[in-house]
Amino acid sequence: MTLKLSLANILNRSIMKSIKKSRKLKPKYRRIFIITFILIASLIAIPILMGDHSSSQAREVGKVSVERYKDLNAKHLKHAKANGIKPFNTDDDVLEGVNELMKEGQLERLENSRYYVVDHLTHSHPYLTPETIELIDLIGERFHDKLKENNLEKFHFKITSVLRTKESQKRLSRSNINASSDSSHLYGTTFDISWKNLIKKGWFGKQTIIAHGPAIRLLSQTIGELKKEGKLVVVTEYKEACFHITIADN
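The opening residue of the sequence shown carries number 1121 in the numbering used here; numbering runs sequentially from there.
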């Protein structure tokens, strides 16, 4: 609240100064100057005055229910080792070597898209093999098709974990029983999609977190269909509330 008031005071003073300066201009230019300044100031101020860009409290719509997928770690590792990169030992190794792998076409950076949002990553790095990113896009495309078929608004799913190093995997295994020492996340072929909630994007970058049961059910079904087609393997994790997915070697 204090930040909002301070910002309002700053904008008010800036507008008053600009109006005083504009008095030196000819009347027709003065009006254009004032209108332009106010428009620019508004575009800067509105997102801040609206508050945080994301809501920490998820809004609930219906009951969240997902399929129980059971592809175990050995199956994930089989496909990861067949399709992935040589694992990085440390986080520093990623910083030093990722650009070379990107030049060689072995890795690509995972960015927010029209289908999904990349979460704040604490134990992983936003890089995957090009084929794995194509798979995520395919999940997103089919998910949005299902939303449209069911007359639901568009939602973005959230990617919560991607490429890990042996170092970060070791740290994570201390607090997460699902994080084995040899994980498919080490190979750039595996990603986690949250099934706890979805993201609704609004004006000025505002993001609303919604636990939308019917939409999450459609996301679960989409992943199941691609599993049946042999495009991925997946296990439903309940402690982390995510789908742990690895691209399959067709």
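Even glycine gets a Cβ: it sits at the ideal position worked out from N, Cα and C.
- For isoleucine 1319, the pairing in a beta bridge is given by DSSP as His1276, Ile1329.
- About 7 Å separates the beta carbon of histidine 1364 from that of threonine 1310, a gap short enough to meet the 8 Å contact definition.
- Judged by DSSP in its simplified three-state form, aspartate 1211 adopts helix.
- A straight line joining the alpha-carbon of threonine 1285 with that of serine 1303 spans about 9 Å.
- Counting along the chain, serine 1304 sits inside no beta strand (DSSP E), nor does DSSP assign it H or E at all.
- Comparing C-alpha distances from threonine 1280 to each of Asp1312, Lys1274, Asp1213 shows the shortest one belongs to Asp1312.
- Going by C-alpha positions, glycine 1308 is about 15 Å away from valine 1238.
- In the DSSP annotation of this structure, threonine 1249 is not part of any alpha helix (DSSP H), being labelled neither H nor E.
- In this model, threonine 1366 and lysine 1321 are separated by some 27 Å (Cα to Cα).
- Histidine 1305 and glutamine 1289 do touch by the CB rule: their CB atoms are close to 7 Å apart, below 8 Å.
- The beta carbon of lysine 1274 lies closer than 7 Å to those of His1264, Leu1267 in the same chain, with the five residues before and after it left out.
- Closest option to threonine 1242, judged by alpha-carbon separation, among Leu1258, Asp1213, Tyr1189, Leu1283: Leu1283.
- The DSSP-derived three-state label of arginine 1262 is helix.
- With a beta-carbon spacing of about 6 Å, lysine 1347 and valine 1354 fall inside the 8 Å limit used to define contacts.
- The three-state reading of DSSP puts valine 1282 in coil, since its state is none of H, G, I, E or B.
- Taking tyrosine 1235 as the centre and dropping the five residues before and after it, the same chain places the C-beta of Gly1260 closer than 6 Å to its C-beta, in chain order.
- Contact annotation: glutamate 1216 and threonine 1356 have beta-carbon atoms that are not nearer than 8 Å.
- Contact check for tryptophan 1315 against leucine 1339 passes: the beta carbons are separated by less than 8 Å.
- Taking the Cα positions, glycine 1350 is about 11 Å away from isoleucine 1343.
- Between asparagine 1203 and glutamate 1251 the beta-carbon gap is near 7 Å, inside 8 Å, which marks them as a contact.
- Membership of histidine 1364 in the beta strand (DSSP E) is indicated by the continuous run 1362-1367.
- Look at aspartate 1239 here: in three-state DSSP terms it is coil, with no helix or strand label.
- In the three-state DSSP reduction, isoleucine 1205 falls in the coil class, being neither helix nor strand.
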